[in-house]
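Working notes, beginning with the structure itself.
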Amino acid sequence: MDIMEQITSRASMNNKDLNISSLEGNVEYKKTKLYFHEMCLVDAYIEELAKLDAVDGGKLFQLGKLGDIPATAGHFRYNAVNQLYEAVDRCEEILGKQRYICGNTFTEADIRLFVTLIRFDEVYSVHFKCNKRLLREYPNIFNYIKDIYQIQGMSSTVNMEHIKQHYYGSHPTINPFGIIPHGPNIDYSSLHDRDRFSS
């Protein structure tokens with residue numbers, strides 16, 4: 001099952017539960033069914049993003065703004081980093097109770113969170129000076145990242161060398177010499193423990 005099928009499975013299940021096979025040939029029914037399916041997707045999407053926003057208040061997705069805070073504005077940066085780690089702690093707590101961020105079903109919210117988390121230890125901890133604690137030190141988050149990375153087709157979307165070249169090379173006020181760290185070269189294909197939750 002590909003990622004889009006996973007995301008739409010909730011809406012599809014709503015249609016499967018209805019015993020309406022006799023209406024399949026009706027053109028108006030088909031239009032209504034398509035509309036219903038699309039509305040389920042929109043509802044599911046909004047609900048997932050609302051849950052994700054409730055988890056972190058958007059803090060995990062605001063990492064880039066840390067780079068815009070001047071080094072002289074230490075108090076603002078200190079507060080921003082503290083808020084970020086509050087969101088990380090909340091994610092760790094949630095992921096200790098369920099496989100994915102919105103429950104035990106893989107959703108788009110997981111994809112949105114994954115693309116931030118996969119960059120954290122390799123880039124954000126150094127580049128944005130968010131090194132209070134690495135995500136590898138959070139067992140639930142680290143296993144969650146590995147779990148998603150190992151979904152068929154997902155690892156091919158992660159080009160860590162390109163990600164590092166972009167961040168370390170495109171912010172001269174943060175990294176004037178464009179130095180790209182060699183490590184840490186994390187193995188996201190190693191075993192994870194997320195199978196302990198039903199999916």
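Numbered by the UniProt record's numbering, the letters in the sequence shown go through residues 1 to 199 in order. Heads up, the beta-carbon is just placed ideally off N, CA and C, and yes, glycines get one too. Values in this document were obtained by computation on a predicted structure and should not be read as measured data.
In whole angstroms, what is the alpha-carbon distance linking K164 and A109? Translated into positions along the sequence shown, residue 164 becomes position 164. Translated into positions along the sequence shown, residue 109 becomes position 109. Rounded to the nearest angstrom, the two C-alpha atoms are 24 Å apart.
Out of V88, L135, V115 and I101, state which residue places its alpha-carbon closest to the alpha-carbon of S156. As a first step, residue 156 must be located in the sequence shown, where it is residue number 156. Nearest option by C-alpha distance: V115.
Would E92 and I141 qualify as a contact pair, given that the criterion is a beta-carbon distance under 8 Å? For the purposes of this step, residue 92 is taken as residue 92 along the sequence shown, with counting starting at 1. For the purposes of this step, residue 141 is taken as residue 141 along the sequence shown, with counting starting at 1. Yes. Within cutoff.
For I94, is the classification buried or exposed, using 16 other Cβ atoms within 10 angstroms of its Cβ as the cut-off for buried? The sequence position of residue 94 within the sequence shown is 94, counting from 1. By the 10 Å Cβ count, I94 comes out buried.
What does the alpha-carbon distance come out to for the pair V88 and N104? Counting from 1 along the sequence shown, the entry for residue 88 is found at position 88. Counting from 1 along the sequence shown, the entry for residue 104 is found at position 104. Taking the straight line joining both Cα atoms gives about 19 Å.
Determine the burial state of H182: buried for a count of at least 16 other Cβ atoms within 10 Å of its Cβ, exposed for fewer. As a working mapping, residue 182 is identified with position 182 in the sequence shown. Looking at its Cβ environment, which holds fewer than 16 other Cβ atoms inside 10 Å, H182 is exposed.
Relative to the alpha-carbon of A80, which residue among P176, D121 and C130 has its alpha-carbon at the smallest distance? Within the sequence shown, numbered from 1, the residue matching residue 80 stands at position 80. Checking every option, the nearest Cα to that of A80 belongs to C130.
Would you give the residue range spanned by the alpha helix (DSSP H) that K146 belongs to? On the sequence shown, residue 146 is found 146 positions in, with the first residue counted as 1. Per DSSP, the unbroken alpha helix (DSSP H) holding K146 starts and ends at P139 to Y149.
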